[in-house]
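Engineer: My structure is below; once you've seen it, I'll send some questions.
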Amino acid sequence: MTKIQTLDGLVDEPLSTIEGLVAALRRNEEQQQGLRNLHAEFTRQIVRKAGGVQQAAEILGIDPKTVRAHERAAGVVMVVYRGRNTEKVDADGRVYGETGQGEESDGQLEADRKWFKISPGHQGRLLAVVYVFDGTVVRVREVEDRRWEWDDNGEKAALPLGAPLTAEELAERFPTLPFTLGGAHPMVRGKIREYVAL
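Take the sequence shown: its letter number 147 is residue 134 in this note's numbering, and every next letter is one higher.
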């Protein structure tokens, strides 16, 4: 029997089996995620009470970009993959996918924000949506702090998204995001979306 350190103290784990190792790893991952969530929440509260990121950075003695990264450390972005054959029109005439109306248009915003099944575990952590079209990152929208809309079944959400972020805004607000506007991000066959941790 091997002893390992956990946040609750030293406990015995049957690490002689693969099952025991996997169970210990899963518990450790949950503990680490809990600490990241707590760290991010503390940082967000400091930013609010300090009056902004710049003020919080001065108080903490770190770079403002680092403050932003800490704020979002517990968050995720949803990557939505689209291709030339993904455009569809619903019964009401609303276009899904890339509408061709321009990314600032109301039609594209509606196509970008509806409708998504978001797991409960991601609902409070979803910070932005990245749109990839034919293997290229074409747009990133931030999830705003507004009420989510749900369909009649309460299963799919219409996200409260903001305007497309510029390259400068993207770098400032999501410095740890592993994507850049116009950058290549090949689509994985059979995958229409995925979550990426910040």
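Yeah, the Cβ is synthetic: ideal placement off N, Cα and C, and Gly gets one too.
In whole angstroms, what is the alpha-carbon distance linking Glu6 and Leu12?
Structural biologist: Numbered from 1 along the sequence shown, position 19 holds the residue referred to as residue 6. Numbered from 1 along the sequence shown, position 25 holds the residue referred to as residue 12. For Glu6 and Leu12, the distance between alpha carbons rounds to 10 angstroms.
Engineer: Using DSSP's beta-bridge definition, name the partner residues of Thr86.
Structural biologist: Locating residue 86 in the sequence shown gives position 99, where the first residue counts as 1. Paired residues: none, contrary to the question.
Engineer: Output the distance between the C-alpha atoms of Glu97 and Ala10, rounded to the nearest integer angstrom.
Structural biologist: As a first step, residue 97 must be located in the sequence shown, where it is residue number 110. As a first step, residue 10 must be located in the sequence shown, where it is residue number 23. Roughly 42 angstroms between the two C-alpha positions.
Engineer: Look up Met65 in the DSSP assignment and give the residues it is bridged to.
Structural biologist: Stepping through the sequence shown from its first residue, residue 65 is reached at position 78. Paired residues: Val116 and Tyr182.
Engineer: Please report the straight-line C-alpha distance between Phe29 and Val76, rounded to a whole angstrom.
Structural biologist: Within the sequence shown, residue 29 is the residue found at index 42, counting from 1. Within the sequence shown, residue 76 is the residue found at index 89, counting from 1. Computed Cα separation, rounded: 44 angstroms.
Engineer: Under 7 angstroms Cβ to Cβ from Asp138, same chain only, skipping five residues before and after it: list those, please.
Structural biologist: Taking the first residue of the sequence shown as position 1, residue 138 is located at position 151. Hits under 7 angstroms: Trp102.
Engineer: Any idea if Val116 is buried or exposed, counting beta-carbon neighbours within 10 angstroms, 16 or more meaning buried?
Structural biologist: For this step, residue 116 is matched to residue 129 along the sequence shown. It is buried - the Cβ of Val116 has at least 16 other Cβ atoms within 10 Å.
Engineer: Which residue wins for smallest C-alpha separation from Glu129, given the options Ala27, Ala158 and Gln32?
Structural biologist: Against the sequence shown, residue 129 aligns to sequence position 142. Out of Ala27, Ala158 and Gln32, Ala158 has the C-alpha closest to the C-alpha of Glu129.
Engineer: State the DSSP-derived secondary structure class of Pro151, mapped to helix, strand or coil.
Structural biologist: Residue numbering aside, residue 151 sits at position 164 when the sequence shown is read from its first letter. Strand at Pro151.
Engineer: Roughly how many whole angstroms lie between the Cα atoms of Met(-12) and Leu2?
Structural biologist: Looking up residue -12 in the sequence shown gives position 1. Looking up residue 2 in the sequence shown gives position 15. Its pLDDT being 48, under 50, Met(-12) is placed unreliably in this model, and the coordinates cannot settle the point.
Engineer: Helix, strand or coil: which one does DSSP assign to Thr53?
Structural biologist: To locate residue 53, count along the sequence shown from 1; it is residue 66. For Thr53, the three-state secondary structure derived from DSSP is helix.
Engineer: Determine contact between the stretch 103 to 123 and the stretch 146 to 166, defined as no fewer than three beta-carbon pairs at a distance below 8 angstroms.
Structural biologist: yes
Engineer: With a threshold of 6 angstroms on Cβ separation, who are the neighbours of Glu131 within its own chain once the five nearest residues in sequence on each side are excluded?
Structural biologist: By one-based count along the sequence shown, residue 131 stands at place 144. Excluding positions up to five away in sequence, the list reads Pro147 and Gly149.
Engineer: Any idea if Met65 is buried or exposed, counting beta-carbon neighbours within 10 angstroms, 16 or more meaning buried?
Structural biologist: In the sequence shown, counting from the first residue as 1, residue 65 sits at position 78. Met65 is buried by the Cβ-count criterion.
Engineer: Roughly how many angstroms separate the alpha carbons of Pro162 and Thr4, rounded to a whole number?
Structural biologist: Sequence index remark: in the sequence shown, residue 162 carries index 175 (1-based). Sequence index remark: in the sequence shown, residue 4 carries index 17 (1-based). If I take the Cα positions, the gap works out to 40 angstroms.
Engineer: Quick check: the Cα distance between Arg55 and Arg160, rounded to an integer number of angstroms?
Structural biologist: The count along the sequence shown starts at 1 and reaches residue 55 at position 68. The count along the sequence shown starts at 1 and reaches residue 160 at position 173. Going by the C-alpha atoms only, they are around 6 angstroms apart.
Engineer: Between which two residues does the alpha helix (DSSP H) holding Arg100 run?
Structural biologist: As a working mapping, residue 100 is identified with position 113 in the sequence shown. Counting along the chain, the alpha helix (DSSP H) containing Arg100 begins and ends at Asp93 to Arg100.
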